[in-house]
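K.L.:
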Amino acid sequence: QVQLVESGGGLVQDGGSLRLSCAASGRTFSSRTMGWFRQAPGKERDFVASITRSGSTDYANSVKGRFTISRDGAKNTAYLQMDRLKLEDTAVYYCAAVGIPGSWNYWGQGTQVTVSS
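Numbering (the numbering used here), first residue to last: -18 to 98.
1. Between the alpha carbons of Asn42 and Gln(-18), how many angstroms are there, rounded?
2. Indicate whether Tyr74 and Trp17 have their beta-carbon atoms separated by less than 8 Å.
3. How many Å lie between Gln(-16) and Gly7 at the Cα?
4. Quick one: using the 10 Å Cβ neighbour count with 16 as the cut-off for buried, is Thr14 buried or exposed?
5. By the DSSP assignment, the beta strand (DSSP E) with Ser158 in it spans what residues?
6. Take the Cβ of Gly(-10) as the centre, count every other Cβ of all protein chains shown within 10 Å, and call the residue buried at 16 or more, exposed below.
7. Sort Ser(-12), Ala77 and Asp64 by Cα distance to Ile32 and report the nearest one.
8. Asp64 by DSSP, collapsed to three states: which one?
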């Protein structure tokens, strides 16, 4: 079983930065692909970024060049550095981990990110 706890959300001005953290329990963190998703009010949950155990990354087009996903195996933690934030980045951000290959089986509780003008 994997438990994920996000932190680092908050209120930031347009153009600002935030770093989200996702602390994972369990000894299998280093072997799992980790990801970040977000859900804005009234919208579906969307993919933001992912990182494999080898460090390969993938990003949604809307965040490429602004967001950076990383991981620290020693701390069992994944990060999402968000720069040049825009109003449309406002959402609840969720950390996720792959269980069954190809499936995001584990989810955190979410952390709110609000970008203001």
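Each residue gets a CB set at the ideal place from its N, CA and C atoms; glycine is no exception.
Predicted, not measured: the structure shown is a model, and the values here were computed from it.
P.N.:
On the basis of the supplied data:
1. Here residue 42 is taken as the residue at index 61 of the sequence shown, counted from 1. Here residue -18 is taken as the residue at index 1 of the sequence shown, counted from 1. Approximately 31 Å between the Cα atoms of the pair.
2. Counting from one through the sequence shown, the residue named residue 74 turns up at place 93. Counting from one through the sequence shown, the residue named residue 17 turns up at place 36. Yes.
3. Your numbering for residue -16 matches position 3 in the sequence shown. Your numbering for residue 7 matches position 26 in the sequence shown. It is roughly 7 Å from the alpha-carbon of Gln(-16) to the alpha-carbon of Gly7.
4. One-based indexing of the sequence shown puts residue 14 at position 33. Looking at its Cβ environment, which holds 16 or more other Cβ atoms inside 10 Å, Thr14 is buried.
5. Because the chain in this structure spans residues -18 to 98, residue 158 falls outside the shown range and cannot be described.
6. Numbered from 1 along the sequence shown, position 9 holds the residue referred to as residue -10. So Gly(-10) counts as buried.
7. Taking the sequence shown and counting its residues from 1, one reaches residue 32 at position 51. Per the Cα distances, Ala77.
8. The residue you call residue 64 lines up with position 83 of the sequence shown. Under the three-state reduction of DSSP output, Asp64 falls in the coil class, being neither helix nor strand.
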